[in-house]
Amino acid sequence: MQIFRTILLLVGFIPLGSFAASFDCAKAKRPLEKFICSNPQLNSADEQMGNIFKEINASFPLKGFALLTQRRFIAEYPSCMLDGKGKTVATSATANACLQMVQARINELRQYGQSKVYSNAKGKFTQDDLAILVSSSG
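Here you go:
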């Protein structure tokens, strides 16, 4: 009987409905963050994007480039929740739009890992620098 009570207590501490986004869902405040945390498919894609970004950011030869492009993506990311009137809404249509946006970013990040890089950057890449990525996958 004691073991059963212990198991029930432990199960009570498992966070139901909390997914593993690329950020802490317990700290979600913005509409997009809450939307990602409430949608398992979008959440999974966001987590995948976060993992790929970390990998690319650590290994990409042009330091600062992946981070700069990720910041640009994050600034544009909330636009996937806008309806035709510019109002933020959480619908299946906006979930699909956000998912497409994340998938496009995942593909873009994967291309970074398969590209040769040419740049005028001296040291860390900034928005004032030029970079040309040439895909080596054909």
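With the first letter of the sequence shown counted as 1, position 132 gets the number 132 in the numbering used here; the numbers rise by one all the way through.
A virtual CB, placed ideally from N, CA and C, is assigned to each residue, including glycine.
Query: Spatially closest choice to residue 81 from 50, 115, 128 and 100, by CA coordinates; Result: 100
Query: For residue 130, the three-state DSSP class (helix, strand or coil); Result: coil
Query: Boundaries of the beta strand (DSSP E) in which residue 102 is found, first to last residue; Result: Looking at the DSSP string, residue 102 is not in any beta strand (DSSP E); the run it does join, the alpha helix (DSSP H), is 92-113.
Query: Neighbourhood of residue 73 by C-beta distance below 7 Å, restricted to the same chain and skipping five residues each side; Result: 105
Query: At least three beta-carbon pairs within less than 8 Å, the stretch 116-124 to the stretch 82-96; Result: no
Query: Contact check, residue 125 vs residue 53, beta carbons under 9 Å; Result: no
Query: With 16 other Cβ atoms within 10 Å as the buried cut-off, status of residue 103; Result: exposed
Query: Neighbourhood of residue 32 by C-beta distance below 7 Å, restricted to the same chain and skipping five residues each side; Result: 77, 78 and 81
Query: Opposing strand residues paired with residue 82 [DSSP bridges]; Result: 88
Query: Pair within 9 Å by beta-carbon distance, residue 131 and residue 62; Result: yes
Query: Closest by C-alpha distance to residue 112, when choosing among 28, 121 and 58; Result: 58
Query: Residue 135 - partner residues in DSSP beta bridges; Result: 115
Query: Reference residue 98; option with closest CA among 70, 30, 29 and 45; Result: 45
Query: Three-state secondary structure assigned by DSSP to residue 24; Result: coil
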